[in-house]
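Engineer:
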Amino acid sequence: MVLSASSVSSYDPRTGGGQYDLFFRHLTYLGLGAGVFWLALRLSLQRIRALASKAMAVALVLLVLVLTPLGAAGGGAQRWFVVAGQSVQPIEFAKLALVLWGAHVLVAKQHLLHRWRHLLVPVVPVTLLMFALVMAQPNLSGTVTLGVIVLGLLWFAGIPGRLFAALVSGAAAGFAVLAMSADYRLGRVLAFLSDSSASYQTTQALYALADGGVFGRGLGRGSANWGYLPGVENDFIFALVGEELGFVGCAAVIGLYAGVAIVGTRIARRVRDPWARLVAGTLTLLVVAQAAINIGYVVGLLPVTGVTLPLVSYGGSSLLVTAAMFGILANIARTEPEAAAALRHRAPGRSGFLRWPPPPHASRPAPAGDRRRTVHPPGEPARARPPKGSGTQSRLRPWQGDVPQGQGSLGLPELPSRIGAAHPRRCR
Numbered sequence: 033m034v035l036s037a038s039s040v041s042s043y044d045p046r047t048g049g050g051q052y053d054l055f056f057r058h059l060t061y062l063g064l065g066a067g068v069f070w071l072a073l074r075l076s077l078q079r080i081r082a083l084a085s086k087a088m089a090v091a092l093v094l095l096v097l098v099l100t101p102l103g104a105a106g107g108g109a110q111r112w113f114v115v116a117g118q119s120v121q122p123i124e125f126a127k128l129a130l131v132l133w134g135a136h137v138l139v140a141k142q143h144l145l146h147r148w149r150h151l152l153v154p155v156v157p158v159t160l161l162m163f164a165l166v167m168a169q170p171n172l173s174g175t176v177t178l179g180v181i182v183l184g185l186l187w188f189a190g191i192p193g194r195l196f197a198a199l200v201s202g203a204a205a206g207f208a209v210l211a212m213s214a215d216y217r218l219g220r221v222l223a224f225l226s227d228s229s230a231s232y233q234t235t236q237a238l239y240a241l242a243d244g245g246v247f248g249r250g251l252g253r254g255s256a257n258w259g260y261l262p263g264v265e266n267d268f269i270f271a272l273v274g275e276e277l278g279f280v281g282c283a284a285v286i287g288l289y290a291g292v293a294i295v296g297t298r299i300a301r302r303v304r305d306p307w308a309r310l311v312a313g314t315l316t317l318l319v320v321a322q323a324a325i326n327i328g329y330v331v332g333l334l335p336v337t338g339v340t341l342p343l344v345s346y347g348g349s350s351l352l353v354t355a356a357m358f359g360i361l362a363n364i365a366r367t368e369p370e371a372a373a374a375l376r377h378r379a380p381g382r383s384g385f386l387r388w389p390p391p392p393h394a395s396r397p398a399p400a401g402d403r404r405r406t407v408h409p410p411g412e413p414a415r416a417r418p419p420k421g422s423g424t425q426s427r428l429r430p431w432q433g434d435v436p437q438g439q440g441s442l443g444l445p446e447l448p449s450r451i452g453a454a455h456p457r458r459c460r
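Note that the sequence shown covers residues 33 to 460 in our numbering.
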């Protein structure tokens, strides 16, 4: 779809630009994304979690530096670094860093989460700092996605319903104020509410979807890529999917994202480690939410925000970070007890790409009278009694079919069915 969307706009005989320039650049990003996916798949989850705090610090520094003369300005915003002629958006890296770091903090404080201060601090204050840095660019769409991440983390960690409703209400009010704080953002909202043709991009996107019909006009035969729809290779590529592949193509794309939601939720429920559960659930929510927002404003259900369609739209930073997300999800999926056991028992030549690395240590029988719990490698049953704790109940209940109780995949004590045992007291 990127080839069809960019073949006309990238051709410029005055500058010598060829019709395949943008597509070849996209292929380069795809190759780099494959390497990022493999790296995220092969790194141990212990190493990824250990890097979470450093990644968060780097993300904050990048969000500050992009506002300095080191950042590149364009279109009334300063959101990019230009590296070797390519633009890099630090907000994309900040999204992944917030997921990893937020899950690490919430799991480290899991026995204190029945107190709302520990539940919200420091995740919410750091997120508000990121909001301020991102809005200084300005970038409302990035702020919205960061809000989705922090709300997802708190929801999956088991935040009480009333407190979560208060946070959602406050976030909605804050985003409404931000939407009205600039004339161009207010114009988008008014165009959406007025039900008129004031929004040129949305109107052209609807025309493209209508022209596609059921089966579409065929690949490369659409008219939206001839300059009628600005941003067709990025924010509005779903409209080109509808025009060239029709309703069937749109349904297939939506079905793929539905599959991501199902598989990601299954991974989050089957893994034993609380941190891995939080990360898997939040990454799945982030990918699906970005797709829903993008499709929503293309079809006119939401105001235009500028969120790209994951793995479909053109974009280097977004593609690389999305590849890292899927690599981490696949890495977490390998820690399922059945998956880990199957990978360990395969022949060395048959599973080289996904082969589980050798365990760092083997479980040793405890001496007589030693009451210390034995640490088991991933995929091995552990009969240790789950520890008693007080914490907020997680909404990611692990699947109980064939998952043994005991140690988590990272050697952390695994709790029966939630990230912390239920505590009779309410949040204070």
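Heads up, the beta-carbon is just placed ideally off N, CA and C, and yes, glycines get one too.
Buried or exposed: where does LYS141 fall if 16 or more other Cβ atoms within 10 Å of its Cβ makes it buried?
Structural biologist: Classification for LYS141: buried.
Engineer: Evaluate PHE56 with the Cβ neighbour count: other Cβ atoms within 10 Å of its Cβ, from every protein chain shown; 16 or more gives buried, anything less gives exposed.
Structural biologist: Answer is exposed; the Cβ neighbour count stays below 16.
Engineer: So, with DSSP's three-state summary, where would you put ARG149?
Structural biologist: Helix, per DSSP.
Engineer: Helix, strand or coil for ALA304? Go by DSSP, reduced to three states.
Structural biologist: The amino acid at residue 304 is misidentified as Ala; the sequence shows Arg. Reduced to three states, the DSSP call for ARG304 is coil.
Engineer: Quick one: Cα of ALA82 to Cα of LEU225, how far?
Structural biologist: C-alpha separation (whole angstroms): 46 Å.
Engineer: What are the boundary residues of the alpha helix (DSSP H) that includes ARG74?
Structural biologist: Note, ARG74: alpha helix (DSSP H), 53 to 74.
Engineer: Go through its chain and collect everything with a Cβ distance to ILE40's Cβ below 6 Å, but skip five positions before and after it.
Structural biologist: Correcting the residue identity first, residue 40 is Val in this sequence and not Ile. If we look at VAL40 and ignore the five residues flanking it on each side, its Cβ neighbours are ASN257, TRP258.
Engineer: Would you grab the beta carbon distance between ILE360 and VAL320 for me? Rounded to a whole angstrom, and I think it's under 8 Å.
Structural biologist: That pair is no contact at about 16 Å.
Engineer: Is any beta-carbon of chain C found at less than 8 Å from that of PHE207?
Structural biologist: Absent here is chain C; the protein component of the structure consists of one chain.
Engineer: Would GLN110 and ALA104 be called neighbours here (beta carbons separated by less than 8 Å)?
Structural biologist: In this structure, ALA104 lies closer than 8 Å to GLN110 by Cβ.
Engineer: Can you check whether the CB of LEU172 is closer than 8 Å to the CB of PHE270?
Structural biologist: Going by C-beta atoms, PHE270 is not nearer than 8 Å to LEU172.
Engineer: As an exercise, report each continuous alpha helix (DSSP H) stretch of at least 4 residues that is fully enclosed by the stretch 150 to 227, in chain order.
Structural biologist: DSSP runs (the alpha helix (DSSP H)) wholly in the stretch 150 to 227: 155 to 167, 172 to 189, 193 to 212, 215 to 226.
Engineer: Quick check on LEU288: buried or exposed, where buried means 16 or more other Cβ atoms within 10 Å of its Cβ?
Structural biologist: Classification for LEU288: exposed.
Engineer: On the CB-based measure, 16 or more other CB atoms within 10 Å of its CB, does ARG366 come out buried or exposed?
Structural biologist: Buried.
Engineer: Go ahead and label PHE247 buried or exposed: buried means 16 or more other beta carbons lie within 10 angstroms of its beta carbon, across all protein chains shown.
Structural biologist: Looking at its Cβ environment, which holds fewer than 16 other Cβ atoms inside 10 Å, PHE247 is exposed.
Engineer: What would DSSP say about SER38, mapped onto helix, strand or coil?
Structural biologist: If DSSP states are grouped into helix, strand and coil, SER38 belongs with the helices.
Engineer: May I have the straight-line CA-CA distance separating LEU161 from LEU144, to the nearest angstrom?
Structural biologist: When rounded, the distance between both Cα atoms is 23 Å.
Engineer: Does DSSP classify VAL134 as helix, strand or coil?
Structural biologist: The residue asked about is misnamed: residue 134 is Gly in this sequence, not Val. Of the three classes helix, strand and coil, the one that applies to GLY134 here is helix, per DSSP.
Engineer: Can the beta-carbon of ASN363 be found less than 8 Å from the beta-carbon of LEU130?
Structural biologist: No, the Cβ-Cβ distance between ASN363 and LEU130 is not below 8 Å.
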